[in-house]
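Written out below as structure tokens is the structure these notes cover.
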């Protein structure tokens, strides 16, 4: 058997070898199989092309298939490494709550410093809203359409933060938020109707523009309602935060704390 010279072709990041040969004296199938197995054991990534039985077009087709296989292998490795980097970004080892993927998907960012909660969550959400408003201004929307966009997109985002991060928000925050919303509603033109009238419901002659501060109050009042009339702490339907807060008070209960606070506020009003 005489074997011709090897032909090496460069792939994207690798090389492969195509070996062609002329078989003489190997007419038996079993003998040829043994020779093929021996050659493959010497170099596993070799493609064997038998010139006496395979045409030139078939050789080219096999070479293209080899190139395609090598390209897919390299592409899968690169995609896998890219996914690994993304996972490492959000699932870092150690106590880093702000890197958790779940919190990123939910839209909230937790920090060890409580003073940063306002900046990392509410102010960041306001910046995102302003960026959305810049894109929405290019759309041919009516005033009612703009108000509905605020209801469907902006309001659920802030309501989620109000419910899950019950921190103190200054009045300046809501003024800045209303200013951004009103500039979008009026398309950067002078207002022709007062904000209070726009924020009335439809039955009262308004357009139902959301009052974000009222939603903030309602979200905080919701916690007090859970304290007073929520499900039992050992109930499976009870929120996890309610169980944690009930365990944090040892000598009293959450309804008692709420009652004491109401009595204290009533005493201040009477004085």
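Numbering (our numbering), first residue to last: 62 to 332. Note that the Cβ used here is the ideal one computed from N, Cα and C, for glycine as well.
Helix, strand or coil at residue i [DSSP, three-state]
i: residue 200; result: coil
i: residue 251; result: coil
i: residue 286; result: helix
i: residue 229; result: coil
i: residue 269; result: coil
i: residue 160; result: Summary for residue 160: the model assigns pLDDT 48, below 50, so the residue's position carries little reliability; its value from the coordinates is reported in the next sentence. In this structure, residue 160 counts as helix in the three-state DSSP scheme.
i: residue 134; result: helix
i: residue 314; result: coil
i: residue 262; result: coil
i: residue 274; result: helix
i: residue 139; result: helix
i: residue 207; result: helix
i: residue 173; result: coil
Alpha carbon of residue i to alpha carbon of residue j, nearest angstrom
i: residue 254; j: residue 244; result: 13 Å
i: residue 156; j: residue 197; result: Confidence in residue 156 is poor, its pLDDT being 47 and thus under 50, which makes the residue's placement too unreliable to answer from.
i: residue 187; j: residue 223; result: 13 Å
i: residue 272; j: residue 317; result: 31 Å
i: residue 181; j: residue 130; result: 46 Å
i: residue 308; j: residue 289; result: 16 Å
i: residue 213; j: residue 258; result: 20 Å
i: residue 269; j: residue 311; result: 44 Å
i: residue 237; j: residue 285; result: 28 Å
i: residue 126; j: residue 134; result: 12 Å
i: residue 251; j: residue 178; result: 34 Å
i: residue 314; j: residue 306; result: 9 Å
i: residue 231; j: residue 249; result: 25 Å
i: residue 208; j: residue 136; result: 46 Å
i: residue 228; j: residue 139; result: 44 Å
i: residue 123; j: residue 132; result: 14 Å
i: residue 338; j: residue 205; result: There is simply no residue 338 to check, as the chain begins at 62 and stops at 332 in what is shown.
i: residue 267; j: residue 247; result: 15 Å
i: residue 226; j: residue 142; result: 36 Å
Start and end residues, alpha helix (DSSP H) containing residue i
i: residue 217; result: 216–225
i: residue 236; result: 232–246
i: residue 305; result: 301–309
i: residue 256; result: 256–259
Test: residue i CB closer than 8 Å to a CB of chain C
i: residue 244; result: No chain C appears in this structure, which consists of one protein chain only.
Are three or more beta carbon pairs between the stretch 262–282 and the stretch 210–219 nearer than 8 Å? yes
Contact between the stretch 232–249 and the stretch 174–190 (3+ Cβ pairs under 8 Å): yes
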